[in-house]
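Student: Chains as they are written, first to last, in this note's numbering: chain A, 1 to 317; chain B, 1001 to 1415; chain C, 2001 to 2169.
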Amino acid sequence: MRGRKRKDLLGLRGVERAEIEEILDTAEQMREISRRKVKKVPTLRGRTVVTLFFENSTRTRTSFDLAAKRLSADTLGFAVSTSSTTKGETLMDTARTIFAMSPDAVVVRHACAGAAHLLARNFPWTVINAGDGINEHPSQALLDMLTMRDRLGSLEGRKVAIVGDVQHSRVARSNIFGLSTMGAKVRVAGPGTMCRADLAALPVEIRHTVDDVVGDADVIMMLRIQRERLGRAVLPSAREYAAFYGLDLDRLKRARPDVVVMHPGPINRGVEIAADVADGPNSVILDQVTNGIAVRMALLFLLLGHADLGSDDASAA
Amino acid sequence: MPRLLEVTVYGESTPRDVVVGADDRTIDARGLVLLPSFVDLGCDPGFPGFPAREDLASLSASALSGGFGDLLTSPLVDPVVDTPEQVAAASRVGPGGVRLWPAGAVTRGLSGEELAEIGLMGAAGAAALSDGGRPIRDTVVLRNALEYARGFGLRVFLRPADADLDLLGVIHESGVAAELGMRGNPAAAEEIGIARIVALVRSTRATVHLTRVGTARGVAAVRAARAEGLPVTASTTARNLVLDESEHHLRPYDTRLRLHPPLRSPADRAALVAGVRDGTLLLTADHSPRAPEEKDLEFELSTPGSTGLESAFSAAFTALDGDIAAVVAAFCTGPRALLPERPGGCVLVDLQATHVVDAAVHRSRARNDALDGHRLRGQVRACFPEASIPWVGVLVSRDDSTPPHDPSGLREAPG
Amino acid sequence: MTRVLDRPALLAAVDGVADRVAAAMRDVPRWALVGIRTGGVPLADRLAEAVHARTGHRPLRGDVDITLYRDDLYTGLEKPVLGDTDLPFEVSGCGIVLVDDVLFTGRTVRAAMGEVWDFGRPAFIRLAVLVDRGHRELPIAPDFVGVTIATALHDKVVVDWAVGEVVVR
């Protein structure tokens, strides 16, 4: 692989199956580190990982931060939404400032699709997309796939139902690309304003009722409803959404008894998912969190943990 | 007088020597073709008010480099051209003889609310009226504007778009937008916009030119309106004949492709080419210079627009598969007929050459040509906006449904 | 390519290491054979069997994968593949015998010691290897050695358990 190493992870669209498998296999190994007494290995010592978040996200940012720390990288957090953009500094200007700090990797979250691509094109460091607009959130999909693999073994031929605002969900989109590459069948369901016809360009089946997708699903992934969408001629109310698209125990009874219930979090209890389902035996929501750290460690290790250039001296091993 | 040696004058079969201007160069023009110079009916001049975009010298140099002698300029500059004083100030002739024909605002401040001083602007030399591509949201205001402009014999340039749908999305709403995770702008925005304007033209009989038409249904609606005899002309941009949404796959999130309206589907592009070929559509360069700081941004946040003067001819010639008569109709004779006077001017082109568009060497101050990197056929060699040529070949429209064309403007005696 | 040990010699070398390890660990109450992935694992398995056969005592077993502890991750080696690290016993207070097939520069052993340390504070660490090929770059010496051979710096020493030989390429 020397000389052809991937520099960035911008999305799962177009990423090959072997590469996804490598990430998931590596993440499985990484989980062991989090079970040790000393939850830290020296792999990325002296490397600097910057988290650059233009949107609030405590969980994704802390997950990347902890992943980097467990690999002994130095981490530096920029939360820009509250400071520079209001002063009119552009993404590129912020990135130039960060460039002066010589990072090895930048984990970026931004409200615009393609923001991570813009950085990847213009700077030499590794860029990991932690969410760009409605486009992709690849590390979330990878941790979802790792969680599914834990429960189901192979993803090949598995049926995954994704329910909710698929149109505007980068989590859904990255899962759709990744799962279809891994041989799973994805069905989506949601209100018409959140599952429009142009989604047919993606490798999914579009349905409009939850019962259409839940019946024979191996996995049900409930998407978070963004409260700010309510009442903007997209969705009439939270209770109407819960009535038609929420996952409660009644709906769950129509699913396979061993169905895996997932949610990227944070949860709106009682809206997209009932509390007793979120906390119930089918739910793997907390496993998702644990796997998030492992997947992000794997990504940092695979993207940063070896060089594509340098001496041929591999004598140490 | 500069003399072109052994040039092939468009419409003639035997090369001859032609005098085209005021200096005493001689140009070996063997193998080259002399055409009437081009008109851009959709020029955002970039000045006054945006010094990083363009000034008169750079705009003129860009126009000459691309073969354009005449530019109908948008009122969407700073200050907005919505008074007779601004119109008078914007009527300029740039270095090399490039003529700027200002369009005056339809509504004051381009706000879509109150009518601008349409009559006084006409008297001050406004070549047309336009709100700079902004849709007029209020249908009553639009109808009043059309009725009022008609009384002053001014053509109203309108970009057809439903004002609300127009704000949605940043690329064409389709599978490509779904794949790339970008918000889509629906074709219905344009279809509704055209239907609304055509309905008002039918009742007001105002003379309207629809700009930046980009959809197959839009072309069909224009064709139907013209067949009905309504005083409607329309144009698309030369780049729309070459580029479509599939370009976003090749250059994802490239802000040079941030255009408004967005590039539509390959089928739409094919319909636009057919529309130009059958005379339904004229062409514009849709020159929209943008400063680096307007493009060096996230795709959604970047300013829409692409320069066009220096690639438009080659784009059209390539997309029309070397049909030079169609290019002349769409870029010369057709647009000239929409200006208040019939300008002269000619351009020397090499129809055999191919080249790769390189915005870095363009004469425009801006570098944002969406066609950058594309290999195109046909290349402009020189432009003589002030030249009067003894045209022997009669330049006729290819189709009687194209705008009325007065060939006398192209048949002046040698100056 | 030179064969430096054939099958009988290889087995004899393993037996020799097992003898010495068993003798040295006789009075240690709690100790483990820890294979260094990947070459050390089959040797550690064989040593565990051999020690059991000699003493009736089955030592604790663990393996470490030192990929995350390498000092050359950035210097151009082939894409690393992570293996299991599995130390299924309390490391603190335990005697550790690290096991590898070939001892060369000593960097792998250094990394393995670092990794073991992250699991707890061992009572001691010893080192058992089948082949010591020289060219040490660190102050590391084996406690139990099968054979010592002279090699050139760029030679590759390969232990092939399936065939039952050690060759130098």
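Even for Gly, the Cβ is constructed at its ideal location relative to N, Cα and C.
Below 8 Å on C-beta distance, what does LYS37 of chain A contact in chain C?
Tutor: Result: ASP2118, PHE2119, GLY2120.
Student: How many whole angstroms separate the CB atoms of ILE1192 of chain B and LEU1210 of chain B, which I take to be in contact at a CB cut-off of 8 Å?
Tutor: About 13 Å; that fails the 8 Å criterion.
Student: List, from N- to C-terminal side, the alpha helix (DSSP H) runs of 4 residues or more that fit wholly inside the stretch 112-177 of chain A.
Tutor: For the stretch 112-177 of chain A, whole alpha helix (DSSP H) runs of length 4 or above, ordered along the chain, are 115-122, 138-152.
Student: According to DSSP, is GLN29 of chain A helix, strand or coil?
Tutor: It is helical.
Student: Under 8 Å by Cβ, that's how I've got LEU1371 of chain B and LEU1041 of chain B pegged, so tell me the actual separation to the nearest angstrom.
Tutor: With a Cβ gap of about 19 Å, LEU1371 of chain B and LEU1041 of chain B do not count as contacting.
Student: With three or more beta-carbon pairs closer than 8 Å as the criterion, would you say the stretch 1306-1318 of chain B touches the stretch 1370-1388 of chain B?
Tutor: Verdict: yes, contact present.
Student: Compute the distance between the beta-carbons of ILE1118 of chain B and LEU1129 of chain B, then report whether it is under 8 Å.
Tutor: A contact, by the Cβ cut-off of 8 Å.
Student: DSSP has ARG1099 of chain B in a bridge; who is on the other side?
Tutor: Paired residue(s): B:ASP1070, B:VAL1093.
Student: Are the C-beta atoms of THR26 of chain A and some chain C residue less than 8 Å apart?
Tutor: Answer yes: the Cβ-Cβ gap between THR26 of chain A and chain C drops below 8 Å somewhere.
Student: Output, in sequence order along the chain, the residues in the stretch 2132-2159 of chain C whose CB is closer than 7 Å to any CB in chain A.
Tutor: So nothing in the stretch comes that close.
Student: Starting from VAL2051 of chain C, trace the alpha helix (DSSP H) both ways and give me its first and last residue.
Tutor: Looking at the DSSP string, the run of the alpha helix (DSSP H) that includes VAL2051 of chain C is 2040-2055.
Student: Output, in sequence order along the chain, the residues in the stretch 133-147 of chain A whose CB is closer than 7 Å to any CB in chain B.
Tutor: Per Cβ criterion, the list reads GLY133, ILE134, ASN135, GLU136.
Student: Please tell me whether VAL1009 of chain B and ARG1016 of chain B are closer than 8 Å, where the distance is taken between their beta carbons.
Tutor: Yes; because the gap between Cβ atoms is below 8 Å, this pair is in contact.
Student: Would a check of beta-carbon distances place MET92 of chain A closer than 8 Å to chain B?
Tutor: By this cut-off, MET92 of chain A is an interface position.
Student: How many whole angstroms separate the CB atoms of ASP144 of chain A and GLN288 of chain A, which I take to be in contact at a CB cut-off of 8 Å?
Tutor: Confirmed, Cβ separation roughly 7 Å.
Student: Which of the three DSSP states is assigned to LEU1167 of chain B in this structure?
Tutor: Three-state DSSP puts LEU1167 of chain B in a helix.
Student: Do you know whose CA, among B:ALA1267, B:ALA1199, B:PRO1252, B:VAL1087, lies nearest ARG1217 of chain B's CA?
Tutor: Nearest of B:ALA1267, B:ALA1199, B:PRO1252, B:VAL1087 to ARG1217 of chain B, Cα basis: B:ALA1267.
Student: How is the alpha helix (DSSP H) around TRP2117 of chain C delimited, first residue to last?
Tutor: Unbroken alpha helix (DSSP H) run through TRP2117 of chain C: 2107-2117.
Student: With 8 Å set as the bound, which would you pick, yes or no: does the beta-carbon of HIS110 of chain A sit closer than that to a beta-carbon of chain B?
Tutor: It does; some Cβ of chain B falls within 8 Å.
Student: Short of 8 Å Cβ to Cβ, which residues in the stretch 1169-1188 of chain B face chain A?
Tutor: The residues in question are GLU1173, SER1174, GLY1175, VAL1176, ALA1177, ALA1178, GLU1179, LEU1180, GLY1181, MET1182, ARG1183, GLY1184.
Student: Taking Cβ positions only, does GLN29 of chain A come closer than 8 Å to chain C?
Tutor: With 8 Å as the cut-off, GLN29 of chain A counts as an interface residue toward chain C.
Student: Against chain B, which members of the stretch 170-182 of chain A pass a CB distance test of less than 8 Å?
Tutor: Residues ARG170, ARG173.
Student: Might you give, ordered along the chain, the residues of its own chain that have their beta carbon closer than 6 Å to the beta carbon of GLY2164 of chain C, omitting 5 neighbours on each side?
Tutor: For GLY2164 of chain C, where only same-chain residues beyond five positions count, the Cβ hits under 6 Å are ARG2007, LEU2010.
Student: So, helix, strand or coil for PRO1160 of chain B, using DSSP?
Tutor: Three-state result, PRO1160 of chain B: coil.
Student: List the residues of chain C that GLU55 of chain A touches, going by C-beta distances under 9 Å, in chain order.
Tutor: Within 9 Å Cβ-Cβ: nothing; GLU55 of chain A doesn't reach chain C, min ~31 Å.
Student: Near VAL1384 of chain B, what residues of its chain come up, given a Cβ to Cβ distance below 6 Å and the 5 sequence neighbours on each side ignored?
Tutor: According to the sequence shown, residue 1384 of chain B is Phe rather than Val. Closer than 6 Å at Cβ, skipping near neighbours: VAL1020, GLY1021, CYS1346.
Student: If you reduce the DSSP assignment to three classes, tell me which class ARG1256 of chain B lands in.
Tutor: Reduced to three states, the DSSP call for ARG1256 of chain B is helix.
Student: Determine the chain A residues that contact ASP2084 of chain C at a beta-carbon separation under 8 Å, and present them in chain order.
Tutor: Within chain A, the residues near ASP2084 of chain C are GLN29, GLU32.
Student: Take every Cβ of the stretch 1059-1071 of chain B, pair it with every Cβ of the stretch 1024-1031 of chain B, and state whether three or more of those distances are shorter than 8 Å.
Tutor: Cβ pair count under 8 Å is below three, so no.
Student: Any contact between the stretch 288-304 of chain A and the stretch 58-66 of chain A? By contact I mean 3 or more CB pairs, one from each, below 8 Å.
Tutor: Taking 8 Å as the limit for Cβ pairs, the verdict is that the stretch 58-66 of chain A does touch the stretch 288-304 of chain A.
Student: Identify the continuous beta strand (DSSP E) that holds GLU1006 of chain B and give its terminal residues.
Tutor: Its beta strand (DSSP E) spans residues 1003-1009.
Student: So if DSSP puts SER1235 of chain B in a beta bridge, which residue, or which two residues, is it bridged to?
Tutor: Its beta-bridge partners are B:LEU1282.
Student: Would you kindly work out how many angstroms separate the C-alpha atoms of ARG2169 of chain C and HIS2154 of chain C, rounded to a whole number?
Tutor: For ARG2169 of chain C and HIS2154 of chain C, the distance between alpha carbons rounds to 9 Å.
Student: Is the Cβ-Cβ distance between VAL2034 of chain C and VAL2099 of chain C less than 8 Å?
Tutor: For VAL2034 of chain C and VAL2099 of chain C, yes; Cβs fall inside 8 Å.
Student: Compare the C-alpha of VAL261 of chain A against each of A:VAL107, A:MET194, A:GLY183, A:ILE162 and name the closest.
Tutor: For the residues A:VAL107, A:MET194, A:GLY183, A:ILE162, the minimum Cα distance to VAL261 of chain A belongs to A:ILE162.
Student: Can you give the Cα-Cα distance for GLU1006 of chain B and GLY1322 of chain B, rounded to whole angstroms?
Tutor: Rounded to whole angstroms, GLU1006 of chain B to GLY1322 of chain B spans 22 Å at the Cα level.
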